[in-house]
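All residue numbers for the sequence shown refer to the numbering used here, where the first residue is 78 and numbers rise by one.
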Amino acid sequence: MGLRSVTDSTKAVLMDIPKIGTMPLSLKMRKVHNPDTGDDIMIEYNTRPFKVDSIRINDFTPLVWAGSFWWDDDFKIFRSCGEKEISSLSSEIVDNSPHYYVIGIVVTPK
78 MGLRSVTDST KAVLMDIPKI GTMPLSLKMR KVHNPDTGDD IMIEYNTRPF
128 KVDSIRINDF TPLVWAGSFW WDDDFKIFRS CGEKEISSLS SEIVDNSPHY
178 YVIGIVVTPK
């Protein structure tokens with residue numbers, strides 16, 4: 078899966094699925110507020126994989142988190158740091174990000 082800029086405010090996710098092909102998906106990015114300058118600015122989104130222990134039929138399985146940076150008032154910077162692999166949606170990086178997408182799959186039997 079790839080994540081690349083389409084415009085300043087849109088990301089394209091390209092998912093390569095064996096025997097099916099490549100599926101494009103556009104994600105609208107949101108601006109974040111810089112309290113230091115008072116500006117609303119567009120900042121890159123960061124991605125992290127989810128830890129996947131198993132995939133259950135008919136349930137959503139999160140695969141990738143794509144989230145915006147956030148303002149750290151202690152250090153006066155935007156940051157996006159935390160777990161390298163996300164185990165749940167209640168993780169530190171997910172809680173801190175003001176906007177994010179969760180990309181995943183639902184497997185259904187034929």
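Positions of the beta carbon are idealized from the N, C-alpha and C atoms, including for glycine.
Are the beta-carbon atoms of valine 109 and proline 186 separated by less than 8 Å? Within the sequence shown, residue 109 is the residue found at index 32, counting from 1. Within the sequence shown, residue 186 is the residue found at index 109, counting from 1. Their beta carbons are not under 8 Å apart, which means valine 109 does not touch proline 186 by this criterion.
In terms of alpha-carbon separation, which member of Lys96, Met106, Asp130 and Ile120 lies closest to isoleucine 154? Here residue 154 is taken as the residue at index 77 of the sequence shown, counted from 1. Of the candidates Lys96, Met106, Asp130 and Ile120, the one whose C-alpha sits nearest the C-alpha of isoleucine 154 is Ile120.
Just to confirm my understanding: we take aspartate 157, look at its own chain, exclude 5 residues before and 5 after, and list those with CB closer than 6 Å. What are they? The count along the sequence shown starts at 1 and reaches residue 157 at position 80. The residue you asked about is not aspartate; residue 157 is serine in the sequence shown. Hits under 6 Å: Asn123 and Phe146.
Just reading off the alpha helix (DSSP H) that isoleucine 170 is part of, what are its end residues? For the purposes of this step, residue 170 is taken as residue 93 along the sequence shown, with counting starting at 1. Unbroken alpha helix (DSSP H) run through isoleucine 170: 169-173.
In or out: glycine 144 buried (at least 16 other Cβ within 10 Å) or exposed? Numbered from its first residue, the sequence shown carries residue 144 at position 67. Per the 10 Å Cβ criterion, buried.
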